[in-house]
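Undergrad: In this note's numbering, the protein residues as written are 240 to 683. Note that CB positions come from ideal geometry on N, CA and C, so glycine has one too. Let me give you the structure first, and then I'll get to my questions.
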């Protein structure tokens with residue numbers, strides 16, 4: 240009876256799959272991406288002021304479950320969703336700590352971009368906007384974000400130092416915490432190279448266990464493995480007009496919006512291609528519903544207390560295990576809910592075990608660099624500037640600005656105006672306005 244119900248709901252026979260195979264695929268996907276439940280509380284927990292690790296853990300698990308279950312029932316695709324790796328570091332260390340934004344205002348930017356994405360998804364314009372940014376520049380921005388978050392991971396793990404006589408230097412490897420982080424990073428690299436499913440998650444667990452005799456992983460006397468985490472910071476937004484109607488807020492909003500917009504379509508295309516689900520005309524089945532699931536997840540995440548939720552590339556692990564329908568996503572989403580009861584297990588993971596995962600996630604994002612057309616200077620130079628400026632300025636937004644400004648400028652001087660999308664022109668004008676305003680403000 241249950242199999243018949245699942246067949247009607249997910250059309251299993253059409254895709255040549257079964258309930259047990261879909262469960263195994265969902266479990267594989269969850270184990271492969273479960274590291275977000277340890278990394279997110281560690282990074283966003285550094286904010287403090289109500290954004291505590293337990294609250295972030297709850298928000299991460301529930302937002303991931305909501306978005307993934309929406310993907311299962313709306314789009315019937317074997318794709319799991321969770322907060323985007325890398326943006327956690329941008330949210331905490333740049334937007335809140337460096338730019339001085341309260342986390343409530345940062346969540347407001349995420350909430351607004353999520354609402355906008357819902358509207359764009361409903362009216363089928365999201366994919367059109369995604370096409371406005373040149374292909375080479377999109378790849379470059381992914382690479383730049385990867386370098387940026389890897390740099391943050393290296394610094395926070397203590398594996399490099401920033402500042403002083405040299406811009407970068409090696410950290411104190413004799414420090415037990417740094418040494419453990421190096422072990423964790425090496426272990427993740429080895430497991431990934433051996434194609435071990437869940438390499439990052441396994442690396443975090445092993446590193447956490449190794450940290451116990453080293454005194455880095457700490458178990459409190461009242462530690463128990465099964466306990467619900469604390470509640471999340473719900474609906475903590477700041478819609479103060481003076482705070483959100485300025486260009487500084489726009490750059491933060493745009494950074495989150497950009498990743499949410501472009502990451503999802505790229506990952507969806509890659510995942511569905513691997514699963515053999517692409518339609519004969521090259522389109523992704525039920526793309527509108529998939530976009531909607533992503534946008535709903537982002538809005539839910541902001542309301543619960545976490546940042547942008549996107550489709551995750553780790554979904555390919557479940558597809559490799561045989562996942563072909565939304566039933567895979569349903570099992571993954573339910574496992575995220577079940578993880579709520581294991582908060583004490585996730586809470587003892589030390590920073591030395593989580594930051595190597597951030598570094599490795601950043602390194603995995605560098606692969607599109609080989610696809611960038613550096614032979615054409617009007618494509619290669621903007622791409623190179625975007626890649627370089629993100630880590631050097633510690634700003635995703637600045638990388639986007641330098642990339643777009645140089646792209647339009649070079650296309651104009653080489654008389655290749657037809658290659659510039661109208662929306663790219665709009666970005667160009669807005670960014671010029673921003674640069675001029677900042678320049679006037681500095682030299683008054």
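1) Roughly how many angstroms separate the alpha carbons of residue 659 and residue 596, rounded to a whole number?
2) Following the continuous alpha helix (DSSP H) through residue 425, name the residue where it begins and the one where it ends.
3) What's the call for residue 346, buried or exposed, on a 16-neighbour Cβ count within 10 Å?
4) Could you check the C-alpha separation between residue 605 and residue 392 for me, to the nearest Å?
5) Can you tell me whether residue 454 is buried or exposed? The criterion is at least 16 other CB atoms within 10 Å of its CB, across all chains shown.
6) Out of 399, 458, 312 and 273, which one is the CA nearest neighbour of residue 583?
7) Quick check on residue 373: buried or exposed, where buried means 16 or more other Cβ atoms within 10 Å of its Cβ?
8) Which residue from 438, 329 and 352 puts its Cα closest to that of residue 395?
9) Tell whether a beta-carbon distance below 7 angstroms holds between residue 560 and residue 248.
10) Within the same chain, show all residues whose beta-carbon is closer than 6 angstroms to that of residue 280, passing over the 5 residues directly before and after it, in chain order.
11) By a C-beta neighbour count over all protein chains shown, 10 Å radius and 16 as the cutoff for buried, is residue 670 buried or exposed?
12) Does the distance from the C-beta atom of residue 637 to that of residue 628 stay below 7 angstroms?
13) Would you decide whether residue 484 is buried or exposed? Buried here means 16 or more other CB atoms lie within 10 Å of its CB.
14) Does the beta-carbon of residue 524 have 16 or more other beta-carbons within 10 angstroms, so that it is buried, or is it exposed?
15) Can you name the start and end residues of the alpha helix (DSSP H) that residue 263 belongs to?
16) Is DSSP giving residue 619 helix, strand or coil here?
17) Evaluate contact between the stretch 305-320 and the stretch 531-545, counting only Cβ atoms and requiring at least three cross-stretch pairs below 8 angstroms.
18) Please go through the same chain and pick out, in chain order, the residues whose beta-carbon is closer than 8 angstroms to the beta-carbon of residue 428, but skip the five residues on each side of it.
19) Following the continuous alpha helix (DSSP H) through residue 583, name the residue where it begins and the one where it ends.
20) Whole angstroms are fine: how far does the CA of residue 538 sit from the CA of residue 550?
21) Could you give the distance in angstroms between the alpha-carbon of residue 684 and the alpha-carbon of residue 299?
22) Between the Cα of residue 322 and the Cα atoms of 634, 495, 641 and 609, which residue gives the shortest distance?
23) So, at 6 angstroms on beta carbons, what are the nonlocal neighbours of residue 237 in its own chain, with the 5 sequence-adjacent residues on each side left out?
24) Looking at C-alpha atoms only, which residue of 268, 260 and 335 is the closest neighbour of residue 488?
25) Could you check the C-alpha separation between residue 579 and residue 282 for me, to the nearest Å?
26) Here's the rule: buried if 16 or more other CB atoms are within 10 angstroms of the residue's CB, otherwise exposed. What is residue 653?
27) Measuring straight from C-alpha to C-alpha, what distance separates residue 261 and residue 274?
28) Since I believe residue 547 is in contact with residue 364 (beta carbons under 8 angstroms), could you give me their beta-carbon distance rounded to a whole number of angstroms?
TA: Answer, in terms of the structure:
1) Your numbering for residue 659 matches position 420 in the chain shown. Your numbering for residue 596 matches position 357 in the chain shown. The straight-line gap from Cα to Cα measures roughly 38 angstroms.
2) Position 186 of the chain shown, counted from the first residue, corresponds to residue 425. It spans 415-432 - the alpha helix (DSSP H) in which residue 425 sits, taken as one unbroken run.
3) Indexing the chain shown from 1 puts residue 346 at position 107. By the 10 Å Cβ count, residue 346 comes out buried.
4) If you number the chain shown from 1, residue 605 lands on position 366. If you number the chain shown from 1, residue 392 lands on position 153. Put simply, the backbone Cα of residue 605 is about 15 angstroms away from that of residue 392.
5) Sequence index remark: in the chain shown, residue 454 carries index 215 (1-based). Residue 454 is exposed by the Cβ-count criterion.
6) Numbered from 1 along the chain shown, position 344 holds the residue referred to as residue 583. Nearest C-alpha to residue 583: 458.
7) Mapped onto the chain shown, residue 373 falls at position 134. The residue in question, residue 373, is buried, as its Cβ has 16 or more Cβ neighbours within 10 Å.
8) For this step, residue 395 is matched to residue 156 along the chain shown. Of the candidates 438, 329 and 352, the residue whose Cα lies closest to the Cα of residue 395 is 329.
9) Against the chain shown, residue 560 aligns to sequence position 321. Against the chain shown, residue 248 aligns to sequence position 9. Inclusion of residue 560 and residue 248 in the CB contact set at 7 angstroms is not warranted, their separation being larger than that value.
10) Residue mapping note: residue 280 aligns to position 41 of the chain shown, counting from 1. Within the same chain, 292, 295 and 296 come within 6 angstroms of residue 280 by CB-CB distance, once the 5 residues on both sides are set aside.
11) As a position in the chain shown, residue 670 is number 431, starting the count at 1. It is buried - the Cβ of residue 670 has at least 16 other Cβ atoms within 10 Å.
12) The count along the chain shown starts at 1 and reaches residue 637 at position 398. The count along the chain shown starts at 1 and reaches residue 628 at position 389. In terms of Cβ geometry, residue 637 and residue 628 form a close pair [threshold 7 angstroms].
13) Your numbering for residue 484 matches position 245 in the chain shown. That one is exposed.
14) Start at 1 with the first residue of the chain shown, and residue 524 comes out as number 285. Residue 524 is exposed by the Cβ-count criterion.
15) Residue 263 sits at position 24 when you count from the first residue of the chain shown. 258-272 is the span of the alpha helix (DSSP H), which, as asked, contains residue 263.
16) Position 380 of the chain shown, counted from the start, is the residue given in the question as residue 619. Helix, per DSSP.
17) Counting Cβ pairs under 8 angstroms, three or more are found: they touch.
18) What you label residue 428 is simply residue 189 of the chain shown in a count that begins at 1. Cβ neighbours of residue 428 beyond the five flanking positions: 599.
19) Locating residue 583 in the chain shown gives position 344, where the first residue counts as 1. Counting along the chain, the alpha helix (DSSP H) containing residue 583 begins and ends at 582-586.
20) For this step, residue 550 is matched to residue 311 along the chain shown. For this step, residue 538 is matched to residue 299 along the chain shown. Looking at the two C-alpha atoms, the distance is approximately 14 angstroms.
21) There is simply no residue 684 to check, as the chain begins at 240 and stops at 683 in what is shown.
22) Position 83 of the chain shown holds residue 322. For the residues 634, 495, 641 and 609, the minimum Cα distance to residue 322 belongs to 495.
23) It is not possible to answer for residue 237, since the shown part of the chain is limited to 240 through 683.
24) On the chain shown, residue 488 is found 249 positions in, with the first residue counted as 1. Proximity to residue 488 across 268, 260 and 335 peaks at 335, based on C-alpha coordinates.
25) Walking along the chain shown from the start, residue 579 turns up at place 340. Walking along the chain shown from the start, residue 282 turns up at place 43. Their backbone Cα atoms lie some 18 angstroms apart in a straight line.
26) Looking up residue 653 in the chain shown gives position 414. Result: exposed.
27) Counted from its first residue, the chain shown places residue 261 at position 22. Counted from its first residue, the chain shown places residue 274 at position 35. So the alpha carbons of these two residues sit roughly 21 angstroms apart.
28) Start at 1 with the first residue of the chain shown, and residue 364 comes out as number 125. Start at 1 with the first residue of the chain shown, and residue 547 comes out as number 308. Separation of the CB atoms of residue 364 and residue 547 is rounded to 19 angstroms, and the pair is thereby denied contact status at 8 angstroms.
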